[in-house]
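**Student:** To convert a position in the sequence shown, counted from 1, into the working numbering, add 63.
Once you've had a glance at the structure underneath, I'll fire off some questions.
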Amino acid sequence: MGEVRRYIGVAERRARLALRQRLAGDARAAGPEEVAESMVALHGSDPATVFLAVGARLADPGRTVAETERALYEDRTLVRMHGMRHTVFVFPTELTPVVHSSTSLAVAAKERASLLKHMEVGGAPDAAWLKEVEESTLAALARRGQATAVELAEDEPRLRRRFLYGAGKSYEGLHTVSTRLLKVLGAEGKVVRARPLGSWTSSQYRWAVAPPHPEWDVAEAQAALLGRWLAVCGPATEADLKWWTGWRVSDVRRALAAIGARAVGLDEGTGYVVAGDEEPVVGPGESWAALLPGLDPTAMGWQQRDWYLPAELRPSLFDYSGNIGPTVWWNGRVVGGWAQRADGEVVWRLLDAKGVGREGEVAIASEVERLRGWLGGARVTPRFRSPLERELAGS
């Protein structure tokens, strides 16, 4: 990985963020595939996040919903699947084998073991029984093409079997086999989420059999995924990389060595960029503002966030589990938050007005109008709500 070649300061890191993450005006994308390609992964735990993250980065956001639905459900150029840190993301389709081999298979093994353990403790049948149900479910799904969990249970009634999950824990409750099994099959790459039951903001999905894809060597897949992410988000520290991937430190270090990553100096210590990315980056020619949704991949991109998100703003912008809510950006740093009220009005508040001035406020107001324009009559409430978002939304 070599010796530290040069120092990359906060200003340059923000310049890289503006351009590579499609946030500055001239860097905005033509379509959702271009956004996903640039970002590597879009958080998909909250369905609305995907659309809002795309809309914030399109040069013309007017067709955000139609084009993102096309990519997800018609052309399948984007796929929603489990990835890093047991989390659902949307990836470019060509990247799914890399994610599957580098990350999802390890997650899936833990999920299946956990399910079998909880089934045993909760009084459900054994692994052989679960395998029968799994095979029957996949066959039913193949016949139907797409189906909800309820529809699949009509074909395979054993999916309705309930068992006590997390006995004695704070999250104890009765779970159905279908809820847990479909999650495991998703992590294993056997099924994928298809169209939602309602609008693009709905969190209830149909399922479909996943298309086959090649298996990669784990180490090669990890190197490929880390290299893709570092090209977008570098420089990043080892701690950032471990957090984003959810891998062991040894896996991160092996992948860094495999791609020939270059060490650079950062305020928080040693960081890394991909080979050939050591040269200074000139920022966008004009100032820029952005309204990013909760769980946006830029806001959640690094574990060490002081260079773009002051610590004093975090209590207002994060929920108790560490999920970030909607944020307002000015020239590469978070300066506030926003929300949508029940009547559709988009409201925002500055939390750090330093350096924003009249120019910044005008630019932010323009982004508000831009967002309101393409949302139309849609109402969006984040799945993970921050204190500021709740206050601004009036709930």
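Backbone N, C-alpha and C fix where the C-beta goes; we use that ideal spot for every residue, glycine too.
Just to confirm my understanding: we take Glu341, look at its own chain, exclude 5 residues before and 5 after, and list those with CB closer than 8 Å. What are they?
**Tutor:** Closer than 8 Å at Cβ, skipping near neighbours: Arg68, Arg69, Arg325, Val327.
**Student:** Inspect the beta-carbon positions of Ala81 and Gly346 and report whether they are closer than 9 Å.
**Tutor:** Yes, the Cβ-Cβ distance between Ala81 and Gly346 is below 9 Å.
**Student:** Can the beta-carbon of Ala426 be found closer than 9 Å to that of Ala352?
**Tutor:** For Ala426 and Ala352, yes; Cβs fall inside 9 Å.
**Student:** Keeping to the same chain, check which residues put their C-beta closer than 8 Å to that of Leu201; ignore five residues upstream and five downstream.
**Tutor:** If we look at Leu201 and ignore the five residues flanking it on each side, its Cβ neighbours are Leu248, Lys253, Val254, Val272.
**Student:** What does a CB cutoff of less than 8 Å around Ser199 pick up in its chain, not counting 5 residues either side in sequence?
**Tutor:** Only Asp218, Glu219, Arg221 meet the Cβ criterion.
**Student:** Buried or exposed for Glu96, going by 16 or more other Cβ atoms inside 10 Å?
**Tutor:** So Glu96 ends up on the buried side.
**Student:** In this structure, does DSSP put His276 in helix, strand or coil?
**Tutor:** Coil, per DSSP.
**Student:** Applying the 10 Å Cβ sphere with the 16-neighbour rule, what's the burial state of Asp189?
**Tutor:** Flag for Asp189 reads exposed.
**Student:** Measure the alpha-carbon distance for Gly323 versus Pro373 and round it to whole angstroms.
**Tutor:** Whole-angstrom Cα-Cα distance: 32 Å.
**Student:** Comparing alpha-carbon positions, which option in Glu408, Glu422, Tyr383, Phe381 lies nearest Asn460?
**Tutor:** Residue numbering for the chain in the displayed model covers 64 to 458; residue 460 lies beyond these limits and cannot be assessed.
**Student:** Mind checking Leu358: buried by the 16 CB within 10 Å criterion, or exposed?
**Tutor:** By the neighbour-count rule (16 or more Cβ atoms within 10 Å), Leu358 is buried.
**Student:** Can you name the start and end residues of the alpha helix (DSSP H) that Phe114 belongs to?
**Tutor:** Segment 110 to 118, the alpha helix (DSSP H) holding Phe114.
**Student:** Helix, strand or coil: how does DSSP classify Val409 here?
**Tutor:** Val409: strand per DSSP, three-state reduction.
**Student:** Based on Cα-Cα distance, which residue from Gln285, Ala338, Val337, Glu331 lies nearest to Val315?
**Tutor:** Nearest C-alpha to Val315: Gln285.
**Student:** Counting beta carbon pairs with one atom in the segment 258 to 268 and one in the segment 176 to 194, are three or more of them shorter than 8 Å?
**Tutor:** Counting Cβ pairs under 8 Å, fewer than three are found: no touch.
**Student:** Is Arg77 helix, strand or coil when you go by DSSP?
**Tutor:** Three-state result, Arg77: helix.
**Student:** List the DSSP bridge partners of Leu372.
**Tutor:** The partner list for Leu372 (beta bridge, DSSP) is empty, contrary to what the question assumes.
**Student:** Go through its chain and collect everything with a Cβ distance to Pro110's Cβ below 7 Å, but skip five positions before and after it.
**Tutor:** Pro259, Trp263, Thr264, Ser265, Ser266.
**Student:** Using beta-carbon positions only, say whether Gly332 and Ala299 come within less than 9 Å of one another.
**Tutor:** Not closer than 9 Å, so no.
**Student:** Starting from Gly9, trace the alpha helix (DSSP H) in both directions and tell me its first and last residue.
**Tutor:** Lying before the first or after the last residue shown, residue 9 is absent from the chain, which here runs from 64 to 458.
**Student:** What are the residues that DSSP puts in a beta bridge with Gln403?
**Tutor:** Answer is Val409.
**Student:** Within 10 angstroms of the Cβ of Ala405, are there 16 or more other Cβ atoms? Answer buried if so, exposed if not.
**Tutor:** Looking at its Cβ environment, which holds fewer than 16 other Cβ atoms inside 10 Å, Ala405 is exposed.
**Student:** Under a Cβ-count criterion, where at least 16 other Cβ atoms within 10 Å of its own Cβ denotes burial, should Glu132 be classed as buried or exposed?
**Tutor:** Classification for Glu132: buried.
**Student:** Less than 8 Å between the CB atoms is what I'm expecting for Val240 and Gly297, so what's the real figure, rounded?
**Tutor:** That pair is no contact at about 43 Å.
**Student:** Thinking C-alpha only, which one of Ser101, Arg207, Asp123, Gly94 is nearest Ala294?
**Tutor:** Out of Ser101, Arg207, Asp123, Gly94, Ser101 has the C-alpha closest to the C-alpha of Ala294.
**Student:** Using the three-state DSSP reduction, which class does Arg256 fall into: helix, strand or coil?
**Tutor:** Looking at Arg256 - three-state DSSP - the assignment turns out to be strand.
**Student:** Does the distance from the C-beta atom of Met147 to that of Trp365 stay below 9 Å?
**Tutor:** Not in contact: Met147 and Trp365 (Cβ atoms no closer than 9 Å).
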